[in-house]
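Under our numbering, the residue at position 243 of the sequence shown is numbered 259, and the numbers go up by one with no gaps.
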Amino acid sequence: MLRFSANLGFLWQELSLPDAIRAAKSAGFDAVECHYPYDTPVEAVRQALAETGLSMLGLNTSRGNVQAGDNGLAALPGREAEARRAIDQAIGYAAAIGAQNVHVMAGKSSGEEARATFIANLRHTCGRASEVGITVLIEPLNSRDAPGYFLQTTDQALDIISAVGAGNIKLMFDCYHIQIMQGDLTQKLEALLGAIGHIQIASVPDRREPDHGEIDYRHIFRFIERLGYDRPIGAEYRPATTTEAGLGWLQAYRS
Numbered sequence: 017m018l019r020f021s022a023n024l025g026f027l028w029q030e031l032s033l034p035d036a037i038r039a040a041k042s043a044g045f046d047a048v049e050c051h052y053p054y055d056t057p058v059e060a061v062r063q064a065l066a067e068t069g070l071s072m073l074g075l076n077t078s079r080g081n082v083q084a085g086d087n088g089l090a091a092l093p094g095r096e097a098e099a100r101r102a103i104d105q106a107i108g109y110a111a112a113i114g115a116q117n118v119h120v121m122a123g124k125s126s127g128e129e130a131r132a133t134f135i136a137n138l139r140h141t142c143g144r145a146s147e148v149g150i151t152v153l154i155e156p157l158n159s160r161d162a163p164g165y166f167l168q169t170t171d172q173a174l175d176i177i178s179a180v181g182a183g184n185i186k187l188m189f190d191c192y193h194i195q196i197m198q199g200d201l202t203q204k205l206e207a208l209l210g211a212i213g214h215i216q217i218a219s220v221p222d223r224r225e226p227d228h229g230e231i232d233y234r235h236i237f238r239f240i241e242r243l244g245y246d247r248p249i250g251a252e253y254r255p256a257t258t259t260e261a262g263l264g265w266l267q268a269y270r271s
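Now the structure itself:
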């Protein structure tokens, strides 16, 4: 049976991160993950994880100056120092709370110089992450929700991973983004299984609970099980109303 992780960047946003971890445990999730936990004291997160017995699967590097339009820094030529501060911050926080993965946000850019910058920053990340046993993730984002984002397809991600040449960098396979940009999810899941470090889910096109829309997650879940994937799948969707009101999909799968 598959296991599921609550993405606390979207679920239980009305709660503090420690209380959201507790809510995820009460709701029956097997793990948690988050986006930008840096305003929450490390000890408070560690205490909530220890209390619930949940593991923190991962977190993101800072997006930068969101008000100025930033959506990550690692592929932005000329901002390498800022990007590496964000990378070091993420690795330090992840190591302190026992998180398994760090997702490096590329940012809005394009072209060969951006690619070279991203690769150099990822090599730095992989070196630092290897010292503390953390896996580095990169994630293609769809151009509708994240216009101008550097990384948009799985093919591009695999090219970057190959160029980085490290053993601890993997693909974040978000079914929502990949369905919008490329489709053919089962074929891609099977073909890319060895490169995947984490899978995330949400309905398409509205990014709500994974129980409606273009993707039949009943089929996707059965297919993932047949592939032998055994890590928790991240529920990274925006609840239509409250988080609790939208958990019928999880309860239906458990039953």
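All C-beta atoms in this analysis are idealised placements derived from N, C-alpha and C, irrespective of residue type, glycine included.
Query: Contiguous beta strand (DSSP E) assignments of at least 3 residues, all confined to the stretch 88-125; Result: 117-119
Query: H214 - DSSP class collapsed to helix/strand/coil; Result: strand
Query: Beta-carbon contacts of C142 that lie in its chain and below 7 Å, excluding the five residues immediately before and after; Result: V152, V180, A182, N184, I185
Query: Beta-carbon contacts of I194 that lie in its chain and below 7 Å, excluding the five residues immediately before and after; Result: P156, T170, L201, K204
Query: Burial state of R144 (16 or more Cβ within 10 Å); Result: buried
Query: Limits of the alpha helix (DSSP H) - the one that I37 falls within; Result: 33-43
Query: Rounded separation between V220 and A130 - CA only; Result: 29 Å
Query: Three or more C-beta pairs below 8 Å linking the stretch 28-37 and the stretch 63-76; Result: yes
Query: Alpha-carbon to alpha-carbon, V61 and L31; Result: 13 Å
Query: Residue burial classification, Q216 (beta-carbon count within 10 angstroms, cutoff 16); Result: buried
Query: At least 3 beta-carbon pairs within less than 8 Å: the stretch 22-29 vs the stretch 245-265; Result: yes
Query: Reference I196, options S178, P163, L174, closest by Cα; Result: P163
Query: Buried versus exposed call for H119 [16 or more other C-beta atoms within 10 Å across all chains shown]; Result: buried
Query: Beta carbon of I176 nearer than 8 Å to that of A211; Result: no
Query: First through last residue of the alpha helix (DSSP H) which encompasses S178; Result: 170-180
Query: Boundaries of the beta strand (DSSP E) in which A251 is found, first to last residue; Result: 249-251
Query: Buried or exposed (CB count within 10 angstroms, at least 16 for buried), G250; Result: buried
Query: Cross-strand partners of Y165 (DSSP beta bridge); Result: K124
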